[in-house]
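Below is one structure, written out as structure tokens; comments come after it.
Protein chains: 4
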Amino acid sequence: MARPRDPEKRRAILEAAIAEIAEVGLGAATAKIAKRAELAEGTLFTYFSTKDELLNELYAELKNELYALINRSFPHKASLEQRAWHVWSCSLGWSIEHPAHRKVSVQLNLSDAVTAETRERTVEARGAVDTLFAEMDERESLRGMPKGFGAATMSAMQEATMDFAARSPRQRKMLVERGFRLYWRAVR
Amino acid sequence: MARPRDPEKRRAILEAAIAEIAEVGLGAATAKIAKRAELAEGTLFTYFSTKDELLNELYAELKNELYALINRSFPHKASLEQRAWHVWSCSLGWSIEHPAHRKVSVQLNLSDAVTAETRERTVEARGAVDTLFAEMDERESLRGMPKGFGAATMSAMQEATMDFAARSPRQRKMLVERGFRLYWRAVR
Amino acid sequence: MARPRDPEKRRAILEAAIAEIAEVGLGAATAKIAKRAELAEGTLFTYFSTKDELLNELYAELKNELYALINRSFPHKASLEQRAWHVWSCSLGWSIEHPAHRKVSVQLNLSDAVTAETRERTVEARGAVDTLFAEMDERESLRGMPKGFGAATMSAMQEATMDFAARSPRQRKMLVERGFRLYWRAVR
Amino acid sequence: MARPRDPEKRRAILEAAIAEIAEVGLGAATAKIAKRAELAEGTLFTYFSTKDELLNELYAELKNELYALINRSFPHKASLEQRAWHVWSCSLGWSIEHPAHRKVSVQLNLSDAVTAETRERTVEARGAVDTLFAEMDERESLRGMPKGFGAATMSAMQEATMDFAARSPRQRKMLVERGFRLYWRAVR
DNA sequence: GATGAATGAGGTTTCATTCAT
DNA sequence: TATGAATGAAACCTCATTCAT
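Residue numbers (the numbering used here), protein chains in the order written: chain U, 1 to 188; chain E, 1001 to 1188; chain X, 2001 to 2188; chain R, 3001 to 3188.
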């Protein structure tokens, strides 16, 4: 049970879950997910004891994936704006390159299946992003607001930007840049 | 003539659907919804021939509810900022007063069950809000961006603000105001 | 209840039932039948207290319709073969002209919803047909067989003939005649 | 490998379906069929993905059962009459021994649930019966009639014969023989 | 460990019939 | 008498999960 040792199968299940959920929503059948991963129905349950557990792991995986991407090339010494831009552009780049991942991520964010505990668990992976937003929360524009407001704002504006970027591939670059300009005007 | 269809029952079903969906998501069982509305299982289907139809009507109802509220006291002659503030504060006020309505609205926004046709149908109800955002899209900060970007940005930032307001009832007023300030700095 | 006095509505329901059952089978919904008769759902039940009763009445109606047709122009004094031909050609003519009636009749013949009592009740309407078949059962070819065997044989062979006639409208006349020749060779 | 699909369970479902349909018609509930086969409701659907598929398979099964019986002891070298008699007596024997099978077969013959494709599929199983009827269609009595008319006639007359045989077990042998004599007089 | 058949609760929808209007 | 809304028992089918192989 616990954590059997074929990581490729585990990955295959997670990928299949992403593809399936992107297509039909969180109601995706475990049997379909397993088949898409080219595994038997039952096998899924040796890797994730419950559908809810799969969903929680998936949530964590997606968050980690994104944060890993951001942290890999994080310009620790750059200006606040440049660091904010890094986070913004990495996030949107990821969303654009992996639309299914993003779609599932949005659904999981809203789902009650993902526990508070899981959500907290992913906080640890944020690394440099955390210090960035801590710094931002100190700026005049956000002073006095609850912790995390700056991050939530960025996330919200990314959502909005993504919706348009998804519809107009040609204008992506422009939208990402202008979107950031708007964001930066708000919190600068 | 037989007993006419009872608008109160229709409402009761919609209210029950809101409550139920807020609790368990769009997977809410029609049987549970009917029971919550104190009606027999089958009765639901004389008012909405399909669960999908119920969901679509619910979407329209919620949108109309909000837009009606906004339009009722719309300050047509006020400055752009004041009108934007009106929309912002009405929307957040509504979300705060009817958290279940908002929760369901968010879920429906993302659901494939709500058809493009339904979404277009609600556009008509927007009234003064439309002209406001058309005007905003002309401003320097948004010029060149796709139509609707300003509205999407407001909506996104409201989401973010709401998440915090929901958690800290005490700070609501402050959050709503400061949230708007941030928004306005971005698009002004 | 019993037998209310708008015979046109009664007829309308029976006709609608024929059309509906021909299309979707005996599972046809009473509500659909009523609507097709341009009546309200409930009205059907003031004319037929039960769906089963409707089915039984329909069975009787269809049988009577056919027997009335046969008896209307029955050549009482003609030869046995000529009288048999009359029955054969009337029956097939009716089936060809009213394919839905025939289709429903076949279904009702097999259905348990039609009671033995109803089946017996229609025997009375047979009139001249009965004496014809009684006479036929006396012939050498059928002597010793149970009563009604000649009639059943004709009915069966009509079914077979009809199936082909329905598929090849052009050959109808020929099929009806040759079919009868086959039948007559068997029982003559 | 997991437990393989169990052919006995498949059979059990088909048998249960026959029994149930013979009792209540094609409207027989899948749940009742499953219970009668001593299986869980859901299990039925691992063997037949749909009620319609079950019905189609059942149709094929019944046809094959009968044709297998006929072909097993088919007197290929006998005279036309003797071969016709073989088909006639095997068919009626089967109907008499398995009245439920026959009842269901008749219902399925008329049902729209059985697709044209399924019907064609069973043609292949007919084997020697096909050549017999092809030969018969060439005889003077049937010449010029559509292909299959001889077979349809036999089938129709068997139906008639069966109805009487079912009611008078004592006279079965006589009815089967005399029935064939009538048939043979017709098509000879 | 991997497989997929087995399970039965639960989901949506249909429908004959009743009954307030 | 006519109407059609109300009812709730089925009906068919799906699905997470278990367990024999």
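We put the CB at the ideal spot given by N, CA and C, even for glycine.
Find the residues of chain U that neighbour residue i, judging by a C-beta separation of less than 7 Å, and give them in chain order.
{"i": "residue 1159 of chain E", "result": "156"}
{"i": "residue 1187 of chain E", "result": "182"}
List the residues of chain X that residue i touches, going by C-beta distances under 8 Å, in chain order.
{"i": "residue 3129 of chain R", "result": "None at all; the shortest Cβ gap to chain X is about 16 Å."}
For residue i, go through chain R and note every residue whose CB falls closer than 9 Å to its CB, in chain order.
{"i": "residue 2146 of chain X", "result": "3164, 3167, 3168, 3171, 3175"}
Closest to residue i by CA distance: which of the options is it?
{"i": "residue 114 of chain U", "options": "U/160, U/144, U/54", "result": "U/54"}
{"i": "residue 87 of chain U", "options": "U/186, U/133, U/143", "result": "U/133"}
{"i": "residue 2079 of chain X", "options": "X/2014, X/2176, X/2135", "result": "X/2135"}
{"i": "residue 92 of chain U", "options": "U/162, U/105, U/187", "result": "U/162"}
{"i": "residue 2170 of chain X", "options": "R/3145, R/3118, R/3099, R/3097", "result": "R/3145"}
{"i": "residue 13 of chain U", "options": "U/34, U/148, U/109", "result": "U/34"}
{"i": "residue 3076 of chain R", "options": "R/3130, R/3154, R/3180", "result": "R/3130"}
{"i": "residue 2099 of chain X", "options": "X/2036, X/2019, X/2185, X/2181", "result": "X/2019"}
{"i": "residue 3017 of chain R", "options": "R/3089, R/3108, R/3085, R/3005", "result": "R/3108"}
{"i": "residue 1008 of chain E", "options": "E/1159, E/1043, E/1067, E/1060", "result": "E/1043"}
{"i": "residue 2186 of chain X", "options": "X/2173, X/2066, X/2168, X/2156", "result": "X/2156"}
{"i": "residue 211 of chain U", "options": "U/47, U/5, U/46, U/58", "result": "Absent from the model: residue 211 of chain U. The displayed extent of chain U is 1 to 188, so no value can be given."}
{"i": "residue 2148 of chain X", "options": "X/2061, X/2081, X/2123", "result": "X/2123"}
{"i": "residue 3084 of chain R", "options": "R/3168, R/3158, R/3167, R/3165", "result": "R/3158"}
On the three-state DSSP scale, how would you describe residue i?
{"i": "residue 2014 of chain X", "result": "helix"}
{"i": "residue 2089 of chain X", "result": "helix"}
{"i": "residue 46 of chain U", "result": "helix"}
{"i": "residue 2169 of chain X", "result": "helix"}
{"i": "residue 81 of chain U", "result": "helix"}
{"i": "residue 1005 of chain E", "result": "coil"}
{"i": "residue 3142 of chain R", "result": "helix"}
{"i": "residue 1019 of chain E", "result": "helix"}
{"i": "residue 2113 of chain X", "result": "coil"}
{"i": "residue 2040 of chain X", "result": "coil"}
Starting from the beta carbon of residue i, find every residue of chain U whose beta carbon is closer than 8 Å, and list them in chain order.
{"i": "residue 1042 of chain E", "result": "Neighbours of residue 1042 of chain E on chain U: none; closest Cβ ~24 Å, over 8 Å."}
Closer than 7 Å by beta-carbon distance: list the chain R residues that pair up with residue i, in chain order.
{"i": "residue 2153 of chain X", "result": "3157, 3160, 3182"}
So which residues on chain U does residue i lean against when the C-beta distance must stay under 9 Å?
{"i": "residue 1149 of chain E", "result": "160, 161, 164, 175, 178, 179, 182"}
Going along chain E in order, which residues have a C-beta closer than 8 Å to the C-beta of residue i?
{"i": "residue 73 of chain U", "result": "The contacting residues do not exist; residue 73 of chain U stays about 26 Å from chain E at best."}
{"i": "residue 79 of chain U", "result": "In chain order: nothing, as chain E lies at least about 19 Å away."}
Can you pull the chain R residues whose beta carbon is under 8 Å from the beta carbon of residue i, in chain order?
{"i": "residue 2191 of chain X", "result": "Here chain X covers residues 2001 to 2188 and nothing more, so residue 2191 of chain X does not appear."}
Go to residue i, then tell me how far its alpha helix (DSSP H) extends in each direction, as first and last residue.
{"i": "residue 3101 of chain R", "result": "3099-3110"}
{"i": "residue 3186 of chain R", "result": "3172-3187"}
{"i": "residue 121 of chain U", "result": "116-123"}
{"i": "residue 2147 of chain X", "result": "No alpha helix (DSSP H) contains residue 2147 of chain X, which DSSP labels as neither H nor E."}
{"i": "residue 36 of chain U", "result": "30-36"}
{"i": "residue 1063 of chain E", "result": "1051-1072"}
{"i": "residue 134 of chain U", "result": "128-137"}
What are the residues of the segment 1087-1110 of chain E that lie near chain U, defined by any Cβ-Cβ distance shorter than 8 Å?
-> 1106, 1107, 1110
Interface positions of the segment 2171-2185 of chain X facing chain R (Cβ-Cβ less than 9 Å), listed along the chain | 2171, 2174, 2175, 2178, 2179, 2181, 2182, 2183, 2184, 2185
Can you list, in chain order, the residues of the segment 42-60 of chain U whose Cβ is nearer than 8 Å to any Cβ on chain E?
-> none
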